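Residue numbers (this note's numbering), protein chains in the order written: chain A, 56 to 236; chain B, 1224 to 1881.
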C-alpha cells in the first residue's frame, strides 16, 4: 500500500489538472474583470478621423447601441481582426464606431484605405488620454455600449468569428430584447 | 517544398521512435537479440530525421521563408541573423522541436556510451527513451506543427517577442532543456531496472555522471534565466517565484536530492527504492513543467498561447508516462531496504535529511504553484500565493541543509565519530561568529545581512576545513579526485549563493525618482547625474536612451545608458543599464517621460545599488561547475571487466509484489 502512495498522489494531481483544463475551457483565463462593465461609459469628446475639426462626444452617440472598436495601424492583431469586422460588421445591427488609438492620422487613413473601412463613425484619440478612462489595455479592444451609454460587454483582443457568434451577437440580442417591451 | 520535407522528416522520426520504443522491449521480454539490436540503429535514424527537421526550420528562418506560418509569426526582415536562429525556439512549436532535438542528442550519446552495459538492460533503457520521443513527436505532429504554411505569403513577418531579443535569452532555453531532458536518462535507467526486476549498483554508478551533467545544465539554465530577468525586466529582481520559474526549479531541487541519493545507492547499496522514486520524480517534474507552461492551465508572465487540445494531449501523455511508471514502481520496487546498515550519526543520515528537505521543498513549491488551480477547484476564487509564501517557507526548509552541510563530508559511511564533529562545529562556528560580529559593524545591524555572512562563512569554513583535512591526510594525487573536487566546488557555491542572496536582499538601496536633466541623486554612496535622454536606434528598434553619469566622491566611475526600446511592431521593452562589480552592481532603468511630448525633459527613473548580487549567479555557476567536474571522474567510466565483477557480487534485489 505504501508503495502505491506516489501513484495515488499523482492521480489526484491529474484530476486537478483535468479540472484545470475543463475550467479554462469554460472561463477565459485572460479575462480581466473590467470595473466599467455595466457602468456608464466615461464621457469623451474626440475629433473625427477624417474631419479633425468636428468632434464626436458620448452624448452624440446616445439613443442607439453601438460597438466601439479600438484599433491602430501599428497593431498587428488589428490586421487579423479587420476582415472579421468587414464581414460581420453589417450583420451586427448596431453602429460600428472605430476608435483610432495612439496613431498618426496619416498612417490610420492609409491603413483604412488599404484594408477597407467597416466603420460608421471614426474617431481619433492620438494622445491616448481618453483610452485611459476606458481602461484600454491595448489594441484591439471592443466595447458594446447600449442606448443609455452603459458598457454592456467588453472584449480584449481581436474579435474572431467564434467570439462574434458566441459572445458579441448574444450580447447585442440581449440589448434588442430589452428595447422591445 | 522544403518545409514539407521537414514535416515528412518528423513523421519518419515518429515511426523510427515507435520501432525504438516497442521492438527492443519485446526483444528484452522474449530474449530475442535481433529485436533488441533494433534500438541503436533506430535511435540513430530518429536523430538524423529530427536533426533534419530542426535544420530545415533554422534554414527557413535564416532565409526569411515567410510562407511558413511559424517563421512569419516570429521573425521579420529586420531581425538580425542571430535572433532569427534564436527565434526557432522563440515560441511553442519551435521550442517543442528543440526539446525533441535535445532528447535525441541525449539518446544518441546514451546509445554510443552504453555499449558496455548488459545487452538486455541497454535495450530497455533505449526503448524507454524511444517511448518518450514517441509522445513528443506525436504531440508536435498532431497539435503543434512548426511547418504549417501561410497563404498568401506575407511580404514581411511579425516579430520575435522582444523580451527574447537578448543574448541571455538566446541560449537560456537550449541549456534549460538540456537539463530537463537529461533527467530522462536517469528515468530510463530506473524504468529499465524496474522492468528487469534487478537494480545493480553498477548501473547507478553508470547513471551518476548523466544525472550530474543534466543537473549542471539545468543549474546553468536557471542562472541564465535569472540573470535575464534581472537585466531585462527592469525591476532589479532576480527571482519572482513565477510558475514558469518554479517549473524549472522543482526538477532542480529533486535533481539535487537525486545526485546525493545516487551516491548512497552506488557506494552503499542502500536507498534503492528512494533513488528510483527520485529519478521518476525528477523527470516527471520536467514533464510537468512542460505541461504547466504549454497547456495554459496556469497563466503567468511567460503566458504562451494556450490551446485546450494541447493541454489535453500533454495531460494524457503525462498520465501515461508518470502514472505508468509510478504504478510500475508500486508493483516492482525493491521492498526491503537493502544495503549496508548505518547509525544515526553517519553520512547516510546527513544525506537523507538533506534529501528529505529538498523533496519537501519541491513539494512546497509545487503546492504554491498549483494554488490558483486549487483555489478554482474549491471555488475560492482567483487566489495565488506569491513571494510571501515561498519567501517564508523556502528558507525555513533550507536552514537544516545549510546547518548540516559542513558536516556531511566529514561524516563516514555507516557511522561517524562525535568528537570530530564537535571539533568542526567549534572551528567553523567560531569563524562564522567572528565574521558575523565584524560584519555587524558594516551593515548597521541588519539581521538578515549578519545571518547571511554567518551562514556563508559557516559553509565555506566547513568546506575549506575538509579540503585541508584531505590535503593533510591523503597522499599526493589521491587528495582531490574529480568526484570530491566537484562536491567541494558545488558546496562552496552554496555558501557564495547564500551570502549573495541575504546580503543583496538586505543591503540593496532602491530609489524611484523623477529627474530633470542635470539633476543628481545620491543612492548608496554614489551620485547619479541625469544628463538627459536622446534617440538611439538598432537593427529593428528605436529607443529613448538616457545618459547617467555616476560619480563617487567627485570621481567619475562610469556613464550608463538605460534604454526604452520600441520595436518595429510597436512592442515596448526596457533595457536596463547595469554597471557590474564583484561587490556591487549599479543598476538604472528608464521609466516614463514626465511629459510624453517632451522626451528631452524630466523622466522617472529607477536607481538601484545592489551589493553582492553577482554572488547569487556566481554561486549558481560554482554549483554547475561542481556538477560537471564531478561527472568527469574516471571512476564512472565503465570497464567491461569491472562491470562483470561488480555484477557478479552485487546484491540481487528481491523481486517483490506489494
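Note that CB positions come from ideal geometry on N, CA and C, so glycine has one too. These numbers come from a predicted model, not from an experiment.
Let me see if you follow: with CB-CB separation under 9 Å, is residue 1527 of chain B close to chain A or not? Any answer about residue 1527 of chain B is weak, because its pLDDT of 44 lies below 50 and its placement is not dependable; what the coordinates show is given next. It does not: the Cβ of residue 1527 of chain B has no partner Cβ on chain A nearer than 9 Å.
From the beta carbon of residue 1765 of chain B, is the nearest beta carbon of chain A less than 9 Å away? no
When you compare the CB of residue 131 of chain A with every CB in chain B, is at least one pair closer than 9 Å? yes
Supposed close pair residue 1627 of chain B, residue 1577 of chain B - CB separation, criterion 8 Å: 6 Å
Please list, in chain order, the residues of the region 1792-1817 of chain B that have any C-beta partner in chain A closer than 9 Å. 1792, 1793
In chain B, which residues lie less than 7 Å from residue 58 of chain A when you measure between Cβ atoms? 1552, 1553, 1556, 1881
Extent of the continuous beta strand (DSSP E) run through residue 1368 of chain B: No beta strand (DSSP E) contains residue 1368 of chain B, which DSSP labels as neither H nor E.
Measure the alpha-carbon distance for residue 1819 of chain B versus residue 1722 of chain B and round it to whole angstroms. If you draw a straight line from the Cα of residue 1819 of chain B to the Cα of residue 1722 of chain B, it is about 42 Å long.
In chain order, each alpha helix (DSSP H) run of at least 4 residues that lies wholly inside the region 1382-1431 of chain B: 1390-1419
Does DSSP put residue 203 of chain A in a helix, a strand or coil? coil
Helix, strand or coil for residue 1783 of chain B, going by three-state DSSP, please let me know. strand
I want to verify the contact list: residues of chain A whose CB lies under 7 Å from the CB of residue 1542 of chain B, in sequence order. 69
What span of residues does the alpha helix (DSSP H) with residue 1836 of chain B cover, start to end? First-last for residue 1836 of chain B: undefined, no H or E at that position.
Unbroken beta strand (DSSP E) run spanning residue 102 of chain A, endpoints: 100-102
Where the beta strand (DSSP E) through residue 1812 of chain B begins and ends: 1807-1816
Between residue 1800 of chain B and residue 1451 of chain B, what straight-line distance do the alpha-carbon atoms span, to the nearest angstrom? 13 Å
Rounded separation between residue 1286 of chain B and residue 1387 of chain B - CA only: 20 Å
Is residue 125 of chain A close to chain B? Criterion is C-beta to C-beta, closer than 9 Å. no
At least three beta-carbon pairs within less than 8 Å, the region 1389-1402 of chain B to the region 1561-1576 of chain B: Contact between the region 1389-1402 of chain B and the region 1561-1576 of chain B is absent, because fewer than three Cβ pairs lie under 8 Å.
Once DSSP output is grouped into helix, strand and coil, what is the label at residue 1463 of chain B? coil
Would you mind stating whether residue 125 of chain A and residue 194 of chain A have Cβ atoms separated by less than 9 Å? A contact, by the Cβ cut-off of 9 Å.
I need the straight-line Cα distance from residue 1396 of chain B to residue 1698 of chain B, nearest angstrom please. 43 Å
Residue-chain proximity (residue 1593 of chain B, chain A), Cβ-Cβ < 9 Å: yes
Assuming residue 1292 of chain B and residue 1231 of chain B make a contact with CB atoms under 8 Å, what is their CB distance in whole Å? Contact flag wrong, Cβ pair sits at about 17 Å.
How many angstroms separate the CA atom of residue 1509 of chain B from the CA atom of residue 1402 of chain B? Distance between the alpha carbons of residue 1509 of chain B and residue 1402 of chain B: 9 Å.
How about the region 113-122 of chain A and the region 202-210 of chain A: do they share at least three Cβ pairs that are nearer than 8 Å? Cβ pair count under 8 Å is three or more, so yes.
My guess is that residue 1546 of chain B and residue 62 of chain A are in contact by the Cβ rule of under 8 Å, so how many angstroms apart are they, rounded? Between residue 1546 of chain B and residue 62 of chain A, the beta carbon gap of about 7 Å places them in contact (Cβ cut-off 8 Å).
Nearest chain A C-beta to residue 1502 of chain B closer than 9 Å, yes or no? no
Would you kindly work out how many angstroms separate the C-alpha atoms of residue 1469 of chain B and residue 1588 of chain B, rounded to a whole number? Straight-line spacing of the CA atoms in residue 1469 of chain B and residue 1588 of chain B works out to 7 Å.
Could you name the residues of the same chain whose beta carbon sits closer than 6 Å to that of residue 1815 of chain B, not counting the 5 residues immediately before and after it, in chain order? 1827
According to the Cβ coordinates, are residue 211 of chain A and residue 192 of chain A closer than 9 Å? Taking 9 Å as the Cβ cut-off, residue 211 of chain A and residue 192 of chain A qualify as a contacting pair.
Count the C-beta pairs between the region 1742-1759 of chain B and the region 1709-1722 of chain B that are closer than 8 Å, then say yes if the count reaches three, no if not. no
Could you confirm whether any beta carbon from chain A is found closer than 9 Å to the beta carbon of residue 1309 of chain B? No Cβ of chain A is located within less than 9 Å of the beta carbon of residue 1309 of chain B.
Once DSSP output is grouped into helix, strand and coil, what is the label at residue 95 of chain A? strand
Between the region 127-135 of chain A and the region 162-171 of chain A, do three or more beta carbon pairs fall short of 8 Å? Yes, the region 127-135 of chain A touches the region 162-171 of chain A.
Per DSSP, residue 1773 of chain B forms a beta bridge with which residues? Residue pairing by DSSP puts residue 1773 of chain B in a beta bridge opposite B:1751, B:1781.
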